[in-house]
Amino acid sequence: MRIFRWASHPGWSATEPGSSKRSIKFLIIITRIKNINNGGIAICLNTDEDVSKLSQELSNNADFASFSISKPVRRKPQFILFGVDSSYNKDSITKALLLKNEIFKDGGFEVHFSIKSKSSNNWVISVIPDLYPVIKDHGCLYLNFERVRIETFISVMQCSTCGTLGHTRNHCSNTQACFSCSSTDDHDRTSCEPRCINCTNHNVRFRSGFSKITDAVINTVQY
């Protein structure tokens, strides 16, 4: 079981499942309950205080002794550095960023991995949240004496079977879908009309008007 902090919503006095169980004697605000991978449940709450109350109650309750309770760690913002010379590796990029970027004088970043391009590499780094708006506004970083273009990097889990975000093919029971039009029918994929399954699902559930996959993804990532 994971405990989330979520947006405000009307209060809910929580009780344990089953009519014979005793009530949990405090008021908390539960905004959403949903299933997650590996048979878990995500309980979305309004405040950190509510998270602490529920977590403590469940930890001390013998009926939930077999549950693993945790609070997810928020992912740090990421940037992608474009057109980095292929001679750089993880260690040399770290040293080069420290050398010429005053904003990193106290650290606050981590180099993760590279993505090969035609004649160079693109590198992904993460930064602490306080540095994100400053770096984003600046629009570039320096590797030794070279100025490198950067953009926000958004990495999400996407199934290679059905194209849906949030799980991988190892946990998918859906039918193989076309990544261009989301259809599960056998057809010519070179001429089908583009249609994003994630934007379509989001529009149905939340009455939004997304037309591109990046619109739906950006809407679910917070910094």
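The sequence shown begins at 1 in full-length UniProt numbering and counts up by one. Yeah, the Cβ is synthetic: ideal placement off N, Cα and C, and Gly gets one too.
Item: Where do the ends of the alpha helix (DSSP H) carrying Phe109 lie?; Value: Note, Phe109: premise wrong, no alpha helix (DSSP H); beta strand (DSSP E) at Phe109 to Lys116.
Item: Which complete alpha helix (DSSP H) runs does the segment 143 to 212 hold, if anything under 4 residues is left out?; Value: 197 to 206
Item: Locate the alpha helix (DSSP H) running through Ser52, then write down its first and last residues.; Value: Asp48 to Ser59
Item: Give the secondary structure of Ala65 by DSSP, where H, G and I count as helix, E and B as strand, and everything else as coil.; Value: coil
Item: Which of helix, strand or coil does DSSP assign to Gly39?; Value: helix
Item: Quick one: Cα of Leu99 to Cα of Glu193, how far?; Value: 48 Å
Item: Between Met157 and Gly166, how many whole angstroms is the CB-CB distance? I'm expecting something under 8 Å.; Value: 6 Å
Item: Express the C-alpha separation of Ile197 and Cys181 in angstroms, rounding to a whole number.; Value: 8 Å
Item: Kindly indicate which residue of Asp85, His202 and Ile33 has the alpha-carbon position closest to the one of Ser119.; Value: Asp85
Item: Whose C-alpha, out of Asp186, Phe64, Ile28 and His202, is nearest the C-alpha of Val47?; Value: Residue 47 is actually Thr in this sequence, not Val. It is Ile28.
Item: Any idea what DSSP makes of Lys136, helix, strand or coil?; Value: helix
Item: Between the alpha carbons of Asn203 and Gln176, how many angstroms are there, rounded?; Value: 22 Å
Item: Name the two residues that bound the continuous alpha helix (DSSP H) containing Leu98.; Value: Lys90 to Lys100
Item: Could you tell me if Ile154 is buried or exposed, where buried requires 16 or more neighbouring beta carbons within 10 angstroms of its beta carbon?; Value: exposed
Item: If you draw a straight line from the C-alpha of Tyr88 to the C-alpha of Val111, how long is it?; Value: 12 Å
Item: If you compare alpha carbons, which of Cys178, Cys199 and Arg195 is closest to Arg189?; Value: Cys178
Item: Between which two residues does the beta strand (DSSP E) holding Phe82 run?; Value: Gln78 to Val84
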